[in-house]
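According to the working numbering, the residues represented by the first sequence are 398 to 1457, in order. All C-beta atoms in this analysis are idealised placements derived from N, C-alpha and C, irrespective of residue type, glycine included.
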Amino acid sequence: MPQIYNHTKIEEKWLQHWEENKLFLQTEGQKVKDIKDKVNGEAREGALGYKMYLLFAFAYPSGQGLHVGHVESKTALDILARYYRMNGKNVFFPVGWDAFGLPAENYAIKTSVPPVETTKNAINTFRRQIKRLGISYDWANELATCHPGYYKWTQWLFLQLYKAGLAYQDTGMVNWCPSCQTVLANEQVVDGVCERCEAQVIQKEMKQWFFKITDYKDELISGLDQVDWPEPTKRQQLNWIGKKQGAEVDFIIEAPQDVRFNTNFLFDENYTEVFKAVRQFYFQELSGTSVYSPVLDDNISFTRAFWDHCICQDRKQSQLLYRLYSLPKIFELFYAENSKVFHKVGNDQKKRVEFWIWEKEIEGVQAQVVVRSINKGAKHLYSLVWKGMTEAYQSNKKIELSPAGQSQQRQGINTLQPDYFDDSIQKFLILSRILTQIKLKNIAQNEIDWGVGTRVSCFTTRPDTVFGVTFVVISPEKFKQLNLVKQVPEKRCGQVEQYINQAFKKTEEERQIGERDKTGVDTGLKAINPVNGQAVPVYVADYVLGGVGTGAVMGVPAHDERDFVFAKKHKLEIKPVIAWEKKGGGCGDCCGCGGKIYDINIWQNFYGDYGQLVNSGQFNGLKSEDALAALVEEFAYVIRPATTYKLRDWLISRQRYWGTPIPIVYDPGGKPHPVKEEHLPWELPTDVDFKPTGESPLKSSKQLKARTEKLYGKGWTPEYDTMDTFVDSSWYYLRYVSSRDKSVFSDSTALKKWLPVDFYMIGPEHIVLHLLYSRFFTKFLRDQGYLNFDEPFMKMRHQGMILGPDGKKMSKSRGNVISPDDVVEKFGADTLRMYEMFMGPIEADKPWDISAVSGNYRFLSRVYRLVQTWSTMSNDLEISIHEGLQRKLHQTIKKVSHDIPVLKFNTAIAAMMELVNVWEAAIREAGNAGVMNQADILAFIKILAPFAPFITEELYQEVAKKQVKKQVKKPVEQIKIKSIHLDAWPDWDEDLALEQQVSIAVQINGKVRGEVVMAHDQLDNQKMILAAAKKVETVQAHLAGKKIVKEIYVPGKIVSLVVN
RNA sequence: GGCCCGGUGGCGGAAUUGGUAGACGCACAACACUUAAAAUGUUGCGCCUAACAGGCAUGUGGGUUCGAGUCCCACCCGGGCCACCA
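See below:
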């Protein structure tokens, strides 16, 4: 029997043996094998049940092969897998490849080697390396995203989203990397340059596919309560979704005297009348007035009855709100030059009724106003109908409408149904919300110039500072959209237009991040602050972004840093409206009391703090937190609570070859149609030119075009873009459980058995997007009836990074990359695994230290030698059980059993090292190896097994065979022993694990001066212990001549004496 | 600028979550074995001090407590993510 630890021989032997015996395949083919749950070691940390789905972050098989960073996280998860298996859990531990992606394609561009080949080679390398490490993956369900058997279902998923209206096409400016020749997501642009190649990113307009992840924004927030994830990870998800609560405040932009009236204004002669109506609309009663409509050639009366419909209990809020939100839309239809008008005659209770229907598209929404005749001559406004909404209210019932663009049917609300307003203000608020969500072009656009009245909503998180508004800033985008340029006084017109054009160019070229200059231009327009009627200047400035909030900001320089800088630069008034409590006497900086004294010349951070309202009219003295409610109560028609989100829809189109083709075909008219399901997988063609041309490489494929025309008809063209690889990796954990299934994306029985994932190990680099997208897919598939859970990953932890020996991130360019192959060759996989687990906490970043590896190699060698010695000699030995060693063993089993589930592998290994130290000392003392019996030795090997699977298997087989040989007289070669990795985890004896003698430190005035040693069953005897403590010699020396003031005894821990 | 994570011997890191700081390993030193080296084993190893005894020590400064690496306040340093987000 060899005494020398030959790692290579041992590891290769067992690797082959396990492979041949299919040791770790929990599933065979697509069927999930049922394993009887063992009773032993039942759920030590509880709550996890008997199945255990362990998932390792989907890996991209790069050409360089595995590096030591992969080894750490894979080993950690492997230890869990082996531990849970030995504890009787049904473990599912699959592996697969996120195989689509840019590196293979870039390599193809350089060398013309097809990505299929490079990817295949890379996967083979990875597979070999991983197996060599002894990772106990279930290879039967291995998958790769670039395999048609997988991406068929990625495409199927796309089609499901498309059918549900959650995949849509839109044109927009996208980030374009001129070097990679592709569209980049915002998150792939770092400081204005491409994350991958560092080329300057430019903006380009393209038609793209989007997934409507924003539909799930609220559930993506609330779902986080269900999962056990690190808090910072949850916070990052929340940050990304970026839900902000605040308020929208409406400012009315008043055109100054020299405003240019449009000559072909429709209602020139009626201007005063319209003007009057609008004034009343905002500020007064409207009933009794009428509006002349040229198309109808008649007046429309806003009768008392009309308003009666609108009135409910709380007159102040409901009526004003209604007018505010519905009337601009009605007016717009009436006055729009290009609205269509239909005339219809119908019957209502046998009476002839005439209808006039105004129809116009307003921002993609077909809006209708129906007017019907009541009496001869008089016309009565009847209803408002909006086509294209997704929800509506009829009477008091909420009704779901089919998604926009899907149905040609008219949809809408009968806003004037009296019973709609029957009971509560709540419904009214809901209605207002719906109406405000339909973005309208400004009621004062183009031809109609009201003289008053462009309404600009400003989103703010600080409605409490609304009295401090001294200017309003509108983003260039919004300014253009509202057509406010037309209202700008002539002499400023050129300046404003120039600024806006410049701002757009700036976005096009690229936004310089470093430049924080608060440029802007005074438009000469004035906005009315609704709370105090003050007219403040309106600026256009590009520090306000079109896509954020409402694209317009109320400038409160006293309490917002950016507004402050802007005000200073443009010499605008700064008006503090928040007061803070002064700490201490408020004496300035003499005593560090932090007296908060406001100075409009310097910006200080605390200006942004909450406090008490001052200079705010009737709201003075109110706390910031209470201000919104009070403001809404008073100014409901111009201030309303509002919420904004940072999250945008997910742009999935990539102008790339090596990805999943988007399953869409276009008819000769250019209209998109989904590829029929029977044509899936919609295969990626092979006859493409990889060289970048600025267009999708698939355009060069004759195969693809021919296939499309053959299946769909002449003149039909395929979609040439492929999908973002995040799409592939957002559902792979569902496919694992039945990866070979050809009939369904994932087998429902298998899903029920294994999902959701119990433990997910993932690097911190995937925290935001991968998780967000995966959660979105899970929720979508649940809503489609395919899944019965809300969150895919129940528990998640992150592995840290292994840094190079220089303490820097490993990278090829730094030349500090460590290959696991070299380490495995020199020390073996067991040592590599042990070392990486021993380096420190799994979540921390740790530098690689090759000399430290030898410590673990030494440890394994010692273990090997010890067990071998014992095994060789045990026949001739008198076994005398060593009590200290027994106790240490059971303490170690306990410690390791507790540490593994919480991933504290480093301390578990330290504990085992201690045991071996004690063990060796005991042997030295006894003079021979007979200090442990066989059961104890096997128990130790077992707890080491998850960490070092090869050496433990070897030793276990040796020792166990010996035992069998004693019982049945057979040649050793014929004895078959079950693998250690399928055997049961050892139990510990709680009594033995308990420390018999406990040393209790004695402190005097907080300093340790001695200790008393107590038997563990005496620890509750406070009197005795205090007495003993005082008798300790070293303690006595410190007590001499002093008086004991206080005596404290913390059971089992410490005695603390206070003397004077 | 915002948010997050860290700061403990020469190094990687322990510390039952408020109870004897430095487990375990590396490196280092001395010794043993050896002609010698490697390997292996034994012993030592936070700093100050000749030493006993003691004193000082967990980024800095305060605080709470019988007792603080751990809790609170202020600050310094390093790393990561986001960034003109109203």
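In the three-state DSSP reduction, GLU1351 falls in the helix class (H, G or I).
About 4 Å separates the beta carbons of TRP1055 and PRO512, which is inside the 8 Å limit, making them a contact pair.
Leaving aside the five residues that flank TYR995 on each side, the residues in its chain whose CB is nearer than 6 Å to its CB run, in chain order, PRO973.
When rounded, the separation of the alpha-carbon atoms in HIS967 and LYS875 is 21 Å. When ASN1457, ASN929, ALA1425, HIS467 are compared, the shortest CA-CA separation from VAL1442 is found for ASN1457. Where ARG1262 is concerned, there is no enclosing beta strand (DSSP E), although the alpha helix (DSSP H) around it starts and stops at 1247-1270.
ALA1345 is positioned such that its CB atom lies no closer than 8 Å to that of ARG1172. Rounded to the nearest angstrom, the gap between the Cα atoms of LYS601 and LYS448 is 50 Å.
Residue ILE638 holds the alpha-carbon nearest to the alpha-carbon of THR611 among SER1453, TRP626, ILE638.
The region 1097-1113 makes contact with the region 1071-1087; the number of CB pairs closer than 8 Å reaches 3 or more.
Straight through space, the alpha carbons of ILE520 and PRO458 are spaced by roughly 6 Å. Between ALA1398 and GLU1387, the CB-CB gap reaches or exceeds 8 Å.
Collapsing the DSSP output to three states places PRO1060 in coil.
ASP861 and GLU1444 have their C-alpha atoms spaced approximately 55 Å apart. Cβ-Cβ distances below 7 Å link ILE1306 to MET1231, MET1234, PHE1235, PHE1344 in the same chain, with the five nearest sequence neighbours on each side left out; the list follows chain order. It is roughly 23 Å from the alpha-carbon of MET483 to the alpha-carbon of TYR1133. Check the Cα spacing between SER1021 and each of GLN1015, LEU1010, GLY1014: the tightest is with LEU1010. DSSP places ASP1125 inside the alpha helix (DSSP H), whose first and last residues are 1122-1125. The Cβ atoms of SER1050 and GLN605 lie closer than 8 Å to each other. Taken through DSSP and simplified to helix, strand or coil, CYS890 comes out as helix. Between the alpha carbons of TRP1382 and GLU1350 lies a gap of roughly 14 Å.
In the DSSP assignment, GLY952 falls within the beta strand (DSSP E) that extends over 949-952. According to the DSSP assignment, TRP494 belongs to the beta strand (DSSP E) that extends over 491-494. Excluding the 5 residues flanking it on each side, ASN929 has same chain C-beta neighbours closer than 8 Å at PHE864, GLY1014, in chain order.
As a beta-bridge residue in DSSP terms, LYS448 pairs with ASN487. When C-alpha distances from PHE489 are compared across TYR1157, LYS410, THR516, the shortest belongs to TYR1157. The beta carbon of ASN1253 sits closer than 7 Å to those of THR1228, MET1231, TYR1232, PHE1235, all from its chain and outside the five residues before and after it, given in chain order.
For ALA900, same chain residues with a beta-carbon under 6 Å away, outside a window of 5 residues either side, are PRO873, ASP939 in chain order. Under DSSP, no beta-bridge partner is assigned to HIS544.
Beta-bridge analysis with DSSP links GLY943 to no other residue. Residue environment for GLY944: exposed (fewer than 16 other C-beta atoms within 10 angstroms of its C-beta). Residue pairing of ILE999 in beta bridges, as defined by DSSP: absent, with no partner found. Shown here for GLY917: same chain residues with a beta carbon closer than 6 Å to its own, the five before and five after excluded, namely TYR936, ALA938 in chain order. Taking a C-beta distance under 8 Å as the contact criterion, THR857 and ALA644 qualify as a contact pair. Burial state of LYS1373 is exposed, judged by a 10 Å Cβ sphere holding fewer than 16 other Cβ atoms. Apart from sequence neighbours up to five positions away, the residues of its chain that approach LEU1019 with a beta-carbon distance below 8 Å are ASP861, GLN1009, LEU1010, SER1013, ALA1027, ordered along the chain.
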